[in-house]
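Single-structure report; data block below.
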Amino acid sequence: MSDRVNFPDDRTSERRTITGGFFEQEVYLSREETAAFLRDLADQLETGTSFTISATEWEIPFDYSDPVEVEIEFSEQRERELEIELEFTEPSGGDDLSVR
Numbered sequence: 001m002s003d004r005v006n007f008p009d010d011r012t013s014e015r016r017t018i019t020g021g022f023f024e025q026e027v028y029l030s031r032e033e034t035a036a037f038l039r040d041l042a043d044q045l046e047t048g049t050s051f052t053i054s055a056t057e058w059e060i061p062f063d064y065s066d067p068v069e070v071e072i073e074f075s076e077q078r079e080r081e082l083e084i085e086l087e088f089t090e091p092s093g094g095d096d097l098s099v100r
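Heads up: the sequence shown runs through residues 1 to 100, numbered per the UniProt record's numbering.
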């Protein structure tokens, strides 16, 4: 099984690999595409602590550690909105820390 989680528009082409700096991308997916994306992500979460998120023009390989932060936000200002955010943090390497 691959560690790749693709957005539905993914095609084989030359991609930019993002490993540093700042990157943000919003995509709009159908219900079916969203469900497929979340299933792919869930499969990767169950099998290991790394995955690669990719679209046609970019990819982000990422190693993470437990726990994964899940933030739920509900707002009813102009319109009702529910936001679910997953935040993955890279391993800190603090396991070697000790006091003697």
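Glycine residues also receive a C-beta, built at the ideal position from the N, C-alpha and C atoms.
Start-to-end residues for the beta strand (DSSP E) that takes in residue i
{"i": "Leu29", "result": "Per DSSP, Leu29 belongs to no beta strand (DSSP E) and is neither H nor E."}
{"i": "Ser75", "result": "65 to 76"}
{"i": "Glu81", "result": "80 to 89"}
{"i": "Asn54", "result": "Inspection of the sequence shows that residue 54 is occupied by Ser rather than by Asn. It spans 50 to 54 - the beta strand (DSSP E) in which Ser54 sits, taken as one unbroken run."}
Alpha-carbon spacing of residue i relative to residue j, whole angstroms
{"i": "Ile18", "j": "Val68", "result": "21 Å"}
{"i": "Thr47", "j": "Glu81", "result": "32 Å"}
{"i": "Gly21", "j": "Ser30", "result": "29 Å"}
{"i": "Ser54", "j": "Arg4", "result": "7 Å"}
{"i": "Pro61", "j": "Asp40", "result": "15 Å"}
{"i": "Phe74", "j": "Val27", "result": "20 Å"}
{"i": "Trp58", "j": "Arg78", "result": "33 Å"}
{"i": "Asp43", "j": "Phe51", "result": "10 Å"}
{"i": "Glu14", "j": "Glu87", "result": "27 Å"}
{"i": "Val70", "j": "Leu45", "result": "13 Å"}
{"i": "Glu32", "j": "Glu76", "result": "25 Å"}
Cβ-based neighbour list, residue i, same chain, cut-off 6 Å, excluding 5 preceding and 5 following
{"i": "Phe37", "result": "none"}
Residues near residue i in its chain [Cβ-Cβ closer than 7 Å; skip 5 each side]
{"i": "Ile72", "result": "Ile84"}
{"i": "Thr49", "result": "Asp63, Tyr64, Ser65"}
Rounded Cβ spacing between residue i and residue j (contact assumed at less than 8 Å)
{"i": "Ser65", "j": "Thr34", "result": "Not really, about 26 Å apart at Cβ, beyond 8 Å."}
Cutoff 8 Å: residue i Cβ touching any chain B Cβ
{"i": "Asp63", "result": "Protein chain content of the structure displayed is limited to a single chain, and chain B is not contained in it."}
Chain-order list of residues whose beta-carbon lies under 8 Å from that of residue i (same chain, five-residue window excluded)
{"i": "Ser92", "result": "Ser65"}
{"i": "Thr16", "result": "One detail in the question is off: residue 16 reads as Arg in this sequence, not Thr. The answer, listed in chain order, is Glu57, Trp58, Glu59."}
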